[in-house]
Structure formats: structure tokens, C-alpha cells
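Undergrad: Residue numbers (this note's numbering): 24 to 609.
Glycine residues also receive a C-beta, built at the ideal position from the N, C-alpha and C atoms.
Source: prediction; values computed, not measured.
1. Using only CA atoms, which one of 129, 314, 282, 269 lies nearest to residue 299?
2. Inspect the CB distances between the stretch 428-439 and the stretch 471-480 and report whether three or more fall short of 8 Å.
3. List, from N- to C-terminal side, the alpha helix (DSSP H) runs of 4 residues or more that fit wholly inside the stretch 138-172.
4. Residue 496: buried (16+ other C-beta within 10 angstroms of its C-beta) or exposed?
5. DSSP beta-bridge partners for residue 228?
6. Nearest CA to the CA of residue 104: which residue from 93, 111, 114?
7. Under 8 Å between the Cβ atoms of residue 458 and residue 490?
8. Going by the CB atoms, is the gap between residue 230 and residue 129 shorter than 8 Å?
9. Can you give the Cα-Cα distance for residue 341 and residue 141, rounded to whole angstroms?
10. Expressed to the nearest angstrom, what Euclidean distance is found between the alpha-carbon atoms of residue 348 and residue 291?
11. Do you know offhand how far residue 358's Cα is from residue 324's?
12. Would you report the Cα separation of residue 390 and residue 499, rounded to the nearest angstrom?
13. Kindly indicate the opening and closing residues of the beta strand (DSSP E) around residue 391.
14. Enumerate in chain order the residues of its own chain whose CB-to-CB distance from residue 308 is below 7 Å, with the five nearest sequence positions on each side excluded.
15. From 235, 193, 382, pick the residue whose C-alpha is nearest to that of residue 180; which is it?
16. Taking residue 415 as part of the alpha helix (DSSP H), name the residues at either end of that continuous run.
17. State the Cα-Cα distance for the pair residue 111 and residue 131, rounded to the nearest angstrom.
18. Which runs of the alpha helix (DSSP H), 4 residues or longer, sit entirely within the stretch 191-267?
19. Taking only three categories from DSSP, how would you classify residue 174?
20. Could you tell me the distance, in whole angstroms, from the CA atom of residue 125 to the CA atom of residue 138?
21. Between residue 258 and the rest of its own chain, which residues show a CB-CB distance below 7 Å, the 5 nearest in sequence each way excluded?
22. So the candidates are 484, 445, 209, 479; which of them puts its Cα closest to the Cα of residue 465?
23. If you measure between the beta carbons of residue 382 and residue 328, is that distance less than 8 Å?
24. Quick one, which of 422, 295, 398 has its alpha-carbon nearest residue 414's?
25. With residue 247 and residue 297 assumed to form a contact (beta carbons below 8 Å), what rounded beta-carbon distance in angstroms separates them?
26. Would you call residue 375 buried or exposed, if buried means 16 or more other Cβ atoms sit within 10 Å of its Cβ?
27. Which residue's Cα is closest to the Cα of residue 621: 273, 184, 183?
28. Among 302, 240, 244, 293, which one has its Cα closest to the Cα of residue 267?
29. What are the uninterrupted segments assigned as alpha helix (DSSP H) that are 4 or more residues long and contained completely in the stretch 415-478, given in chain order?
30. So for residue 101, helix, strand or coil by DSSP?
31. How about residue 211 and residue 277: are their beta carbons less than 8 Å apart?
32. What are the boundary residues of the beta strand (DSSP E) that includes residue 185?
33. Report all residues from its chain with a CB closer than 6 Å to the CB of residue 379; omit the five preceding and five following residues, and keep chain order.
34. In three-state terms, what does DSSP make of residue 570?
35. Put residue 346 into one of helix, strand or coil per three-state DSSP.
36. Measuring CA to CA, which of 346, 385, 467 is closest to residue 369?
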């Protein structure tokens, strides 16, 4: 707390000094007691004023705490003692933001992890436009690289800059996000009305691809965490659901599958009222009819068809969306499986039923989780005839262990009930809620259950599309009276996959796919540090791919590190290939 002392002009006094004067020992005692100077000893020297002069005004002197004067205000303290003292901030020791901070690669610019070593006020430069990004803080880091909070003088504002590791695999991965977001921002959402993060610029600096995004706030997982993992109010859940659906509808129109939708990848916008969200992290995205990798989506939000190794469409994002909506209300994941076996068993218990037989017949991983117990000849229709049991039965834990030669990991049970209706209806109401509010919320909860049933539907063909879901009373706010029947919509049938690859980017697997962005200074061969990488020249084509998601970039949270899918599409309809030497401008 700053000390405020009122004194007559020319006679500076303080309560501290007065107290010290009262405590001064007599001359006989002064020899035995050490002198302890007061705080006013370090002040500019001034000649003694004429004692006959009578000051006519009063002044207020604000004294900062001693700790502040000797630390962050040390320069001012020195200048009090010596008015000629000068100090330049350029002499400040560097504060490293990257760990480890020892330069061993890329002529000393990179650490052993191929990360660019960042310090406070480090400047990233787009050499083509000469735009400067002054690093002020680190927002997070992950397997792909780092995200820094940067100041841009030209726009007088902050942005989030993703600095990709200096390795070909991660460079390829980052091009996915540049390509997809350029397409979504410029072609499908030029007016920024569909809650998709905006990409501002991209360039190569010191062999690192840098991507500048709008700076966003906390993500939905952190919001739930701040709320002590208690659910959010239904009005907030409805608001966020409507906004996410707008983004998903846009992606469906663009034939883009996000492949890693989760609370960490949905961020709040800064200083926007009412609350607004943006969907981020398109590094794992792929084109709907060019899916290749089967190891996608974070586990809690993974759809049954992905888990089983079946062909997938944009419907997998709707499953993830349903899991997110449930988590926003409950405060905990709906399917917190500790393993894929545990995940599937939770789905079956909570939802009742299981994936349709036509999926189980064609999925490559069905034998890991199911056994065939009946005739499957009828499955050409895709439906089990009325009165007939499924030809497949889920394995027990013992059967799974015998088949896979290992025990499945089983997670903790977080809910007292194991069916969707009971989990939602029995969730505790807020304390001191009036009876009329409880009755109103009970009706909205019934609408929520019906809404979730259309999203976490085992059959991907029957699962609602974003447009269908947006018509539900839970989203529109209309009274919920009976089971919702969405308007008919022609479902998309997944195209047969030419190549299916189990993909884990940490293992170093890399397809040189020829992604489209033409980045200045790096449009031929990607420099790299590892002798194990086979360098393949990049070609320009309108294709998209992924080698692992990049995670979140914001002011208050870290980054995720899930894995992605690879999608190649050279003949899609007029998709933007963000070429041009300077990239995009803010």
C-alpha cells in the first residue's frame, strides 16, 4: 500500500520520520544503539531552507512500498540518488519463453526440439510485407510448436501467432490449417458470421512457418474448469450450441470434416457480449470424400464409426458436438472412456443399443469389440428386420482380454446412473431455485435429452445434420411438446476409401502430399534437422491433409495434442489455394 503524507511545502515530513524522531535515544544512549536510517535518507539533496519562510501551500506525497522502489522501480530510485543516471531497456537480460532455451539446431535459432527459441520482445518478421510481430508472451506449446501472443504495431493490436517446429512433418501439418481456413474464411464466410477462427497472415521466418490468428480468450474446457466442473446454465448451453451449429453447417457445406472437435478447440471471443465462441484448430481437418487416416478425434469425443474403423463423413463432427453439449451441461464428459473398449461399452450402456449391423459388418475393427452370434445375410438393407436380434454381440471384459491378450483399461464412473435420461434428469438443480424455475428447467432438460438423442446416434445415416439439429426446440427456444422429427435431408454416403492408414504423427510418419499454400522462401523443399526424414519436394495442388492437431491458441490455456487424418483432394470445387508471395494481410 502506498503511503500518503501531507506536509507543508518545503518541510517534507512523514509519520515514519516523526516516529523515528520520537524514538531517538539521548546522547548518552546513542553510543550503545546502532543508527538505523529512515526511508527518507535516499532523496535528492537540497539546501536548507530559510526557517523564517512560511510555506503557503500543502502538497500530497505518495510513497510507494520499499519493495517496489527496489525492484520494478529501481531505475527511478537510482535517478533520485543521481539525476544523471540513465538506463536503456535494451540492456535488460533476455527473458526466455521457450524451454529448453539452448540453441543447438538451425544455426542456434532452434532448441533440441526444433522449436524457435523465443524471448520477450523477440520480433517475427514477414519478410515480404515487412510486418513485424513482437512477441510479448507465450500462450502455449504442444507437439507442433508454440503459440505466442504478439503485438502488431501496424494494427495496434494483439494476435496469436503459431510458430511451427522446423520439421517437414509439422510444416505439412500446418499447411492444412492455412488451406482450410483460407477456404472457409474467404470463400464460405467472408463476413465472419459462422464462428470460425480468422487467419490473418502466414509466412516463414528462420525456417519456421508462422501463422497469425485472431487472439481469442479461454476455451470451453477451461470455462468448465473455472466453474469447478459443474455444468453451465442451460441458457448458456443453448447459446453455445446454436453458434457451434452455425460453424458446423458451414463446414458441411464446404465438405470439410474438422476431425478434432472438443471443448479445448472452442474458444470464447474477447470482450464480446453476449458471449460468442469460435471454432479453432483445423490442422486435423480433411475433405469428406478423401478420408485416409483412421486414427482421428480425441477419445472422449470419438464417434462409433471412427472407433470401429468404418468409413466416415461430416457426421462424426455431429457426434463430437453432441458429446460437447452434454459436457457443457454436466460439467464432465459423457463418455470418459479410459480405453477404446471402455469407451464403446459406455456408449452402449448410456445410450442403449449398439452400432447397426451394416456398420459392424464392414468396419475393420468390429472383431476387437464384437462377436458374431447370428445370420448376417439380411444386412444388405442396412437394417435388422423387426423382431430380429442383431447378429453381433459386444464382448465382455474377459472375452476382450482373451482375444487381445491384455486387460482393457476401465475408467472411473462419474455418474450415479448409466442411461442418458437419468443422467440428465437427475443432475442436481442449482440451490435455492424457485419451484417455477425448476418446472421450467425440467421441460428444457427433456428437450435436451431429445436433442442429444439425435446427435449421439449410433447410426451415422440417422444422425442429425447441423441444419436439422438447428431446428430443434432446444436450440430455437420453442416449447418442447413431443419427440422432434427433423425435416428430411438426403444423407451423404461415405465414399469407399482407397487407402486407410493408422496414423500417429509422433512416430514420424509423413506423407508429402503436395499441399497448396505457396509460402515465400519455402515453396520448394522444406529444410529440416533430422537425417531420418526423406525430403520430398512440395507441389501445388488444391489438397488438404493432417499429421496431428495443433491445439489451442489463446490468452489463458495450453494446447491440445490429438491426432488427425489426411485428406487429398485435387479436384474439389474451386477451393482456395492461398498462393501469392505475401500470403494474407491483416
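TA: So, to answer that:
1. Stepping through the chain shown from its first residue, residue 299 is reached at position 276. Comparing Cα positions, the closest option is 269.
2. Per the Cβ contact rule, the stretch 428-439 is not in contact with the stretch 471-480 (fewer than 3 Cβ pairs under 8 Å).
3. With a minimum length of 4 residues, no continuous alpha helix (DSSP H) run stays inside the stretch 138-172.
4. Along the chain shown, read from residue 1 onward, the residue named residue 496 stands at position 473. The C-beta of residue 496 has 16 or more other C-beta atoms within 10 Å across all chains shown, which makes the residue buried.
5. To locate residue 228, count along the chain shown from 1; it is residue 205. According to DSSP, residue pairing for residue 228 in a beta bridge involves 231.
6. Along the chain shown, one-based indexing puts residue 104 at 81. Looking at the Cα atoms, 93 is the closest of the given residues.
7. By one-based count along the chain shown, residue 458 stands at place 435. By one-based count along the chain shown, residue 490 stands at place 467. Their beta carbons are not under 8 Å apart, which means residue 458 does not touch residue 490 by this criterion.
8. The residue you call residue 129 lines up with position 106 of the chain shown. The residue you call residue 230 lines up with position 207 of the chain shown. Yes, these two residues count as a Cβ contact at 8 Å.
9. Walking along the chain shown from the start, residue 341 turns up at place 318. Walking along the chain shown from the start, residue 141 turns up at place 118. Cα to Cα, the separation comes out at about 38 Å.
10. For the purposes of this step, residue 348 is identified with residue 325 of the chain shown, where counting begins at 1. For the purposes of this step, residue 291 is identified with residue 268 of the chain shown, where counting begins at 1. So the alpha carbons of these two residues sit roughly 15 Å apart.
11. On the chain shown, position 335 is the one that residue 358 refers to. On the chain shown, position 301 is the one that residue 324 refers to. The C-alpha of residue 358 lies about 8 Å from the C-alpha of residue 324.
12. Taking the chain shown and counting its residues from 1, the one referred to as residue 390 is at position 367. Taking the chain shown and counting its residues from 1, the one referred to as residue 499 is at position 476. Roughly 42 Å between the two C-alpha positions.
13. By 1-based counting over the chain shown, the position of residue 391 is 368. For residue 391, no beta strand (DSSP E) segment is defined; the enclosing uninterrupted segment is the alpha helix (DSSP H) at 389-392.
14. What you label residue 308 is simply residue 285 of the chain shown in a count that begins at 1. Beyond the five residues adjoining it in sequence on each side, residue 308 comes within less than 7 Å, by CB distance, of 199, 203, 279, 280, 281, 282, 567, 569 in the same chain, given in chain order.
15. Within the chain shown, numbered from 1, the residue matching residue 180 stands at position 157. The candidate whose alpha carbon is nearest that of residue 180 is 235.
16. Indexing the chain shown from 1 puts residue 415 at position 392. From DSSP, residue 415 is part of no alpha helix (DSSP H) but of the beta strand (DSSP E) over 415-417.
17. As a first step, residue 111 must be located in the chain shown, where it is residue number 88. As a first step, residue 131 must be located in the chain shown, where it is residue number 108. Distance between the alpha carbons of residue 111 and residue 131: 26 Å.
18. 191-205, 243-249, all fully within the stretch 191-267.
19. For the purposes of this step, residue 174 is taken as the residue at position 151 of the chain shown. In the structure shown, residue 174 sits in a strand (DSSP, three-state: E or B).
20. Counting from one through the chain shown, the residue named residue 125 turns up at place 102. Counting from one through the chain shown, the residue named residue 138 turns up at place 115. For residue 125 and residue 138, the distance between alpha carbons rounds to 10 Å.
21. Locating residue 258 in the chain shown gives position 235, counting from the first residue. For residue 258, there are no CB contacts under 7 Å within the same chain when 5 residues up- and downstream are skipped.
22. As a first step, residue 465 is located in the chain shown; it is residue number 442 there, counting from the start. Of 484, 445, 209, 479, the residue nearest in Cα terms is 445.
23. Start at 1 with the first residue of the chain shown, and residue 382 comes out as number 359. Start at 1 with the first residue of the chain shown, and residue 328 comes out as number 305. Yes, these two residues count as a Cβ contact at 8 Å.
24. As a position in the chain shown, residue 414 is number 391, starting the count at 1. Checking every option, the nearest Cα to that of residue 414 belongs to 398.
25. In the chain shown, residue 247 corresponds to position 224, counting from 1. In the chain shown, residue 297 corresponds to position 274, counting from 1. At roughly 18 Å, the Cβ-Cβ gap does not stay under 8 Å, so residue 247 and residue 297 are not in contact.
26. Sequence index remark: in the chain shown, residue 375 carries index 352 (1-based). Around the beta carbon of residue 375, fewer than 16 other beta carbons sit within 10 angstroms, so the residue counts as exposed.
27. Lying before the first or after the last residue shown, residue 621 is absent from the chain, which here runs from 24 to 609.
28. Locating residue 267 in the chain shown gives position 244, counting from the first residue. Ranking 302, 240, 244, 293 by Cα distance to residue 267 puts 302 first.
29. Counting only runs of 4 or more, we get 420-427, 443-448, 458-478.
30. On the chain shown, position 78 is the one that residue 101 refers to. Residue state, collapsed to three classes: helix.
31. Within the chain shown, numbered from 1, the residue matching residue 211 stands at position 188. Within the chain shown, numbered from 1, the residue matching residue 277 stands at position 254. Cβ atoms of residue 211 and residue 277: closer than 8 Å.
32. For the purposes of this step, residue 185 is taken as residue 162 along the chain shown, with counting starting at 1. Its beta strand (DSSP E) spans residues 180-187.
33. Numbered from its first residue, the chain shown carries residue 379 at position 356. These residues qualify, in order along the chain: 482.
34. To locate residue 570, count along the chain shown from 1; it is residue 547. Residue placement at residue 570 is flagged as unreliable, the pLDDT there being 34, under the threshold of 50; a coordinate-derived value is accordingly withheld.
35. Locating residue 346 in the chain shown gives position 323, counting from the first residue. Taken through DSSP and simplified to helix, strand or coil, residue 346 comes out as helix.
36. Numbered from 1 along the chain shown, position 346 holds the residue referred to as residue 369. Looking at the Cα atoms, 346 is the closest of the given residues.
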